[in-house]
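As structure tokens, the structure follows; a few thoughts come after it.
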Amino acid sequence: MDQVIESLLLSYITAQLEEFTTDDVVAYAKKCLKNSGIPVLRSEIENFLQTNGSVFQMGENTYISRGAVFTNVFFNIKLSAREIAGKYLIHGHRCMPFVRPDISCGRIDFKYKGKLLSHKIVTLPVNEAVDYFFLYGEEYALQIILSDPANENNGMSQEDTSIQNVNLMATDLSPLFEDVTIKKSDYLQGTISNWSLSFVDLYPLVNKKENPFRKNAKDTEREIWFSDFEKALIKSFTEQGPCGSIEEQLALTYFENPHTLYKKYAGSIEEAILRSKVIGIESYGVETRLWKKNQDIPAVGPWMFGQEENTVIPEKSKKTPIRESVPFVLPRIVLDSWITDGLFNKKDNEEEILNFIETDWDITSGIKRREVQGFIRGRRLALEARYNWFADFERGNIRKALLDLYMKEFHLVKDLEIADAQLDFFPQHSLVVLTQLLSHTQYMLEALLYQEHISQEDLKTIQLSIEGMQYNFDEVETELRLALKKFEKKRFVVINSHNKEKK
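To convert, note that position 492 of the sequence shown is 1085 in the numbering used here; the numbers rise steadily by one, no gaps.
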């Protein structure tokens, strides 16, 4: 998708506090881009709305933004002993999933009695700091900590194994502590007053007890909430499967269960997960997700069937769920990257792309071939119009390495299609890693294609990531191809037996 259109759509979604339709967004985009020469494709906008994490789908063509869903809702935060002693709140994951996912948690602003509370920087040992960020996933926690505004000028990187202490952005709660005494059994209630600007209003919830060792009505209500929270997540696992992130799983769970989860005397999300005996943060390929405690997260499940695939031009047919993100043969970002590779090497690779497509999609009809050919030529013209070879010089070889890796991933996926809906026969962990590698490869290709400014350090990081991804791919390919041989042998035996019975 063109970066101008994507920025326009993000602005539209961020500002929406009412339901909207695909037609509304298309009309808005066409109005804003009138006379710009940038085409507005309904299929691209539909794909954007269906895959964007800041949008919930209400009906076939009806959507609502997170801003509309989470504005004015309330959630509870439980301060740690360290925070109570220091009279501050470390931002971390405390407002997940209610605030904007594209805004750094360090930039959230908290209010008390209508007045903004000031930020302050606190320093913690890194092993303690991650406790406030574990809902981002342990694989991303340190990265998010180091990108916190409090660490902007310290020059630390994830590769630095000598990191002992880190700075974290916190909010000074002194004005609130002047009014009330907060104990370990008390909570702060947060309300999203402005989702777009990431404003959160805070209210103290003090649990006054005559006997601190005896449960009262508030404690009982909170216990009921913990149970409802677990049930809602289990339901989400069954219906949605593992989402794109822990944050997305939580957002969908709250969206679908507002009547049971928005309670005044609820517990905090982090507290609910840490104390749960049925919910945990489990390994999912090279990442982590919320799932049933101590259970492997499967790559396939009932949630994957019956879902439509996103397409750019008519697809061959609905195939195995592992290809749910692959329109017709190539995702748009891969196609554009391949065309850009041709521009970088100063060659017309149209025929090369067409030949590749023909191996997987029936375009023997002259009309169909001309349609695809016209589509490719249109993309080349659009990309060529803004292509700068000198600006692309340092990216060209990296993009080629990513395209080569993508083709290996793609061919493995294609070979696995023989299993159709029987992917549960294959090693689930390897399937998950393969799916994640496809996603990460496309993400990096997108960054190289659309981000105007990428630093030398970031390019070096991408190169190192490609090496790691290639290593991971080699491992899962060995496992999956071995399983594929066993599957084909089993399939041959079943077919042979069936034929003998017929005779």
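The beta-carbon is built from N, C-alpha and C at its ideal position, and this holds for glycine as well.
In whole angstroms, what is the alpha-carbon distance linking residue i and residue j?
i: L1009; j: S786; result: 49 Å
i: D929; j: R972; result: 7 Å
i: L1041; j: K961; result: 31 Å
i: K857; j: F848; result: 17 Å
i: P924; j: R635; result: 16 Å
i: I775; j: N669; result: 14 Å
i: L672; j: D617; result: 43 Å
i: E1045; j: E637; result: 21 Å
i: T607; j: S600; result: 11 Å
i: I906; j: G967; result: Any reading at I906 needs caution, since the residue's pLDDT is 33, under 50, leaving its predicted position unreliable; the model's value is listed next. Roughly 12 Å between the two C-alpha positions.
i: L626; j: P1020; result: 47 Å
i: L998; j: T846; result: 35 Å
i: G834; j: F613; result: 26 Å
i: L1052; j: R807; result: 58 Å
i: K1083; j: K1007; result: 19 Å
i: P632; j: I1059; result: 33 Å
i: K1078; j: L1057; result: 32 Å
i: F649; j: W788; result: 15 Å
i: E864; j: Y855; result: 16 Å
i: I932; j: A674; result: 56 Å
i: R988; j: E676; result: 45 Å
i: N654; j: T615; result: 6 Å
i: H852; j: N942; result: 55 Å
i: L602; j: S778; result: 43 Å
i: I1074; j: A1012; result: The sequence given here places Arg at residue 1074; Ile does not occur at that position. Whole-angstrom Cα-Cα distance: 12 Å.
i: V1025; j: N645; result: 21 Å
i: A810; j: F667; result: 20 Å
i: A994; j: K624; result: 39 Å
i: E721; j: A622; result: 46 Å
i: F770; j: E1072; result: 57 Å
i: C1100; j: E814; result: In the structure as shown, the chain begins at 594 and stops at 1096. Residue 1100 is therefore absent and cannot be evaluated.
Find out if the Cβ-Cβ distance for the pair residue i, residue j is shorter than 9 Å.
i: I657; j: E731; result: no
i: P690; j: L843; result: yes
i: G873; j: I862; result: no
i: Y780; j: P797; result: yes
i: G878; j: T1028; result: yes
i: W818; j: G860; result: yes
i: G652; j: Q609; result: no
i: N758; j: P718; result: yes
i: Y1043; j: Q596; result: yes
i: D821; j: N850; result: yes
i: F1080; j: Q1015; result: yes
i: E1117; j: I926; result: What the structure shows of the chain is the stretch from 594 to 1096, and residue 1117 is not part of that stretch, so it cannot be assessed.
i: Y681; j: L766; result: yes
i: A1076; j: S1023; result: yes
i: T764; j: L710; result: yes
i: I969; j: L1005; result: no
i: L728; j: H684; result: no
i: F726; j: I714; result: no
i: M1121; j: H1033; result: Lying before the first or after the last residue shown, residue 1121 is absent from the chain, which here runs from 594 to 1096.
i: F1066; j: E964; result: no
i: K885; j: F830; result: yes
List the residues that DSSP assigns as beta-bridge partners of residue i.
i: V793; result: F703 and I785
i: Q650; result: Y656
i: I759; result: According to the sequence shown, residue 759 is Val rather than Ile. V759 pairs with L717.
i: T764; result: L682 and H712
i: Y780; result: L798
i: N669; result: Q782
i: K1078; result: Paired residues: none, contrary to the question.
i: F613; result: Y656
i: K885; result: I872
Next on the checklist: I want to know whether the region 973-980 touches the region 932-948 - three or more CB-CB distances under 8 Å.
Outcome noted: yes
Item to check | alpha helix (DSSP H) segments (min. 4 residues) lying fully within the region 671-734 | outcome: 674-679 and 719-722
Next on the checklist: Pairs of beta-carbons, one from the region 820-840 and one from the region 695-706, closer than 8 Å: are there three or more?
Outcome noted: no
Item to check | Runs of beta strand (DSSP E) wholly within the region 819-882 (minimum 3 residues, chain order) | outcome: 872-877
Item to check | Cβ contact check for the region 700-713 and the region 885-899: 3 or more pairs under 8 Å | outcome: no
Checklist entry - Going along the chain, which unbroken runs of the beta strand (DSSP E) with 3 or more residues stay wholly within the region 1011-1055? => result none
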